[in-house]
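Take a look at the structure set out below.
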Amino acid sequence: MSQPRIGLALGGGGARGWAHIGVLKALARAGVEPDVISGTSVGALVGGLQLAGRLDVLEGWARGLTKLKIASYLDFRVGGGMIGGHRLSAVLREHLGKATIEGLPKPFTCVATDLLTGHEVWLRKGDLVEMLRASFSLPGLFSPVEVDGRWLVDGALVNPLPVSVCRAMGAHVVIAVNLNADPVGRVRLPGQRIPRAAGFDVLQALPPSKTGFGVGSWLRSVFGREPDAPSLFGTMVQSLNILLDRVTRSRLAGEPPDVSISPRLGHIGLLEFDRAAEVIAEGEAATERTLAELGEVIALMNNSGGTPSR
Numbered sequence: 015m016s017q018p019r020i021g022l023a024l025g026g027g028g029a030r031g032w033a034h035i036g037v038l039k040a041l042a043r044a045g046v047e048p049d050v051i052s053g054t055s056v057g058a059l060v061g062g063l064q065l066a067g068r069l070d071v072l073e074g075w076a077r078g079l080t081k082l083k084i085a086s087y088l089d090f091r092v093g094g095g096m097i098g099g100h101r102l103s104a105v106l107r108e109h110l111g112k113a114t115i116e117g118l119p120k121p122f123t124c125v126a127t128d129l130l131t132g133h134e135v136w137l138r139k140g141d142l143v144e145m146l147r148a149s150f151s152l153p154g155l156f157s158p159v160e161v162d163g164r165w166l167v168d169g170a171l172v173n174p175l176p177v178s179v180c181r182a183m184g185a186h187v188v189i190a191v192n193l194n195a196d197p198v199g200r201v202r203l204p205g206q207r208i209p210r211a212a213g214f215d216v217l218q219a220l221p222p223s224k225t226g227f228g229v230g231s232w233l234r235s236v237f238g239r240e241p242d243a244p245s246l247f248g249t250m251v252q253s254l255n256i257l258l259d260r261v262t263r264s265r266l267a268g269e270p271p272d273v274s275i276s277p278r279l280g281h282i283g284l285l286e287f288d289r290a291a292e293v294i295a296e297g298e299a300a301t302e303r304t305l306a307e308l309g310e311v312i313a314l315m316n317n318s319g320g321t322p323s324r
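Here it is, written out as structure tokens:
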């Protein structure tokens, strides 16, 4: 009797993506090992480093992030995005070298979006660092990445939770990690304002200028928040929250996973990358809450000979 082929779909969601690290750790402890992995945005980042054997390196780096350290990775520029992403790429290159997607030990696909056509693009071969960069290139924040003559941006715009990709890769059981099941601002309280641009309080870590005209002062004036109005990043981040929520719901309605792991992360801003410890812990906790259901699904598939139920 053949064993069911297990697929793991890792969704996009900014800093909430550190939960994927906790999910992978909890699944490993439970003896659940995916046969194929698909990832969007930060999900692609975590999935790619897991298959490359560098998940522990990523976890250590994430846990060590502070607002000041985050600021050190930002290479501000004028162009397709405010951040070029070259410093982050250099960090990835240091640990991944010339690794390719096709050279990974298991099938892996990361999702990006064609900036011109809006088409969903599945990246299944090529330089791993470049493909990951393309998948997490949030428009307006990171500059697009050119791959085979196409300019690619964040895959979360079209497929925030790539269940469909796992199905296409031959998975019989798909475990989906939904980072947007508990989005910020779902319930509006009286007098509640747009959330702050979580994660970009990093600007407060920049040293002030004695003259008041330094880069730090200018950035704070541009990205800061007026008392009664949302800031540029506050608006952008909340808009992305809304987009991820709506597109994820739409895709899941037509492409439901067999098991959904939903970390409770509504209190975590999409750019609060310095809160890795608590996000990883919640990823582990969410997985533990789901293990019984996962075991039942796998047992059912085993009894049916490992054939798809769809």
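Quick note, the working numbering runs 14 ahead of the 1-based positions in the sequence shown.
Positions of the beta carbon are idealized from the N, C-alpha and C atoms, including for glycine.
For clarity, every value in this text was computed on a predicted model and none was experimentally measured.
Start and end of the beta strand (DSSP E) containing residue i?
i: Thr6; result: Because the chain is modelled from 15 through 324, residue 6 falls outside the range shown and cannot be assessed.
i: Glu160; result: 159-161
i: Glu134; result: 134-137
i: Ile35; result: Per DSSP, Ile35 belongs to no beta strand (DSSP E); it is in the alpha helix (DSSP H), 33-43.
i: Arg164; result: 164-168
i: Ala190; result: 187-191
i: Ile20; result: 20-24
i: Leu152; result: Per DSSP, Leu152 belongs to no beta strand (DSSP E) and is neither H nor E.
Measure the alpha-carbon distance for residue i versus residue j and round it to whole angstroms.
i: Ser223; j: Lys112; result: Because the pLDDT of Ser223 is 48, which lies under 50, any placement of that residue in the model is unreliable, and the number read from its coordinates should be weighed accordingly. Cα to Cα, Ser223 sits roughly 41 Å from Lys112.
i: Ser117; j: Leu63; result: As written in the sequence, residue 117 is Gly, which differs from the Ser given in the question. Roughly 13 Å separates the two Cα atoms.
i: Thr123; j: Ser264; result: 21 Å
i: Ala66; j: Val143; result: 11 Å
i: Thr249; j: Lys81; result: 20 Å
i: Trp75; j: Leu266; result: 32 Å
i: Glu108; j: Glu302; result: 33 Å
i: Leu129; j: Leu152; result: 11 Å
i: Pro119; j: Asp141; result: 15 Å
i: Thr54; j: Asn317; result: 32 Å
i: Leu314; j: Val71; result: 36 Å
i: Met183; j: Gly280; result: 31 Å
i: Ile312; j: Arg101; result: 42 Å
i: Ala185; j: Val105; result: 32 Å
i: Ala126; j: Val167; result: 6 Å
i: Arg289; j: Glu310; result: 33 Å
i: Ala29; j: Arg181; result: 26 Å
i: Gly61; j: Ser52; result: 7 Å
i: Pro271; j: Gly57; result: 16 Å
i: Pro121; j: Ala291; result: 29 Å
i: Ser149; j: Gly169; result: 5 Å
i: Gly163; j: Ile256; result: 30 Å
Who are the Cβ neighbours of residue i in its own chain at under 6 Å, not counting the five residues just before and after it?
i: Gly27; result: Leu193, Asn194
i: Pro277; result: Ala33, Glu296, Gly297, Ala300
i: Thr262; result: Pro174, Leu175, Asn194
i: Trp165; result: Leu129, Pro158
i: Ile294; result: Trp32, Ile35, Gly36
i: Ala44; result: Leu305
i: Ile68; result: One point to set straight first is that residue 68 is Arg, not Ile, in the sequence displayed. Answer for Arg68: His109, listed in chain order.
i: Val172; result: Thr127, Glu134
i: Glu73; result: Ile35
i: Glu329; result: Given a span of 15 to 324 for the chain in the structure shown, any question on residue 329 remains unanswerable.
Kindly indicate the opening and closing residues of the alpha helix (DSSP H) around residue i.
i: Val177; result: 177-182
i: Arg107; result: 100-110
i: Ala148; result: 142-149
In chain order, what residues of the same chain have a beta carbon less than 7 Å from the beta carbon of residue i, not counting five sequence neighbours either side?
i: Leu308; result: Val46, Ile189, Val273
i: Leu41; result: Thr301
i: Ser103; result: Val143, Arg147
i: Thr304; result: Val273, Ile275
i: Leu254; result: Leu284
i: Met145; result: Ile115, Cys124, Leu137
i: Lys39; result: Glu298
i: Ile282; result: Ala29, Arg30, Arg289, Val293
Considering only residues of the same chain and omitting the five flanking positions on each side of residue i, which have a CB-CB separation below 8 Å?
i: Lys139; result: Thr114, Ile115, Glu116
i: Phe287; result: Gly28, Ala29, Trp32, Ala76, Leu79, Ile84, Gly213
i: Glu160; result: Leu166
Exercise. Touch check for the region 149-156 and the region 172-179: three-plus C-beta pairs under 8 Å?
Worked result: no
Problem set entry | Whole runs of the alpha helix (DSSP H) within the region 45-98, excluding any shorter than 4 residues | 56-65, 69-77, 81-86
Exercise. Should the region 130-138 be regarded as contacting the region 186-195, the criterion being three or more beta carbon pairs within less than 8 Å?
Worked result: no
Problem set entry | Contained alpha helix (DSSP H) runs [length at least 4] in the region 258-290, N- to C-terminal order | none
Exercise. Can we say the region 35-54 touches the region 16-25, given the rule of at least three CB pairs closer than 8 Å?
Worked result: yes
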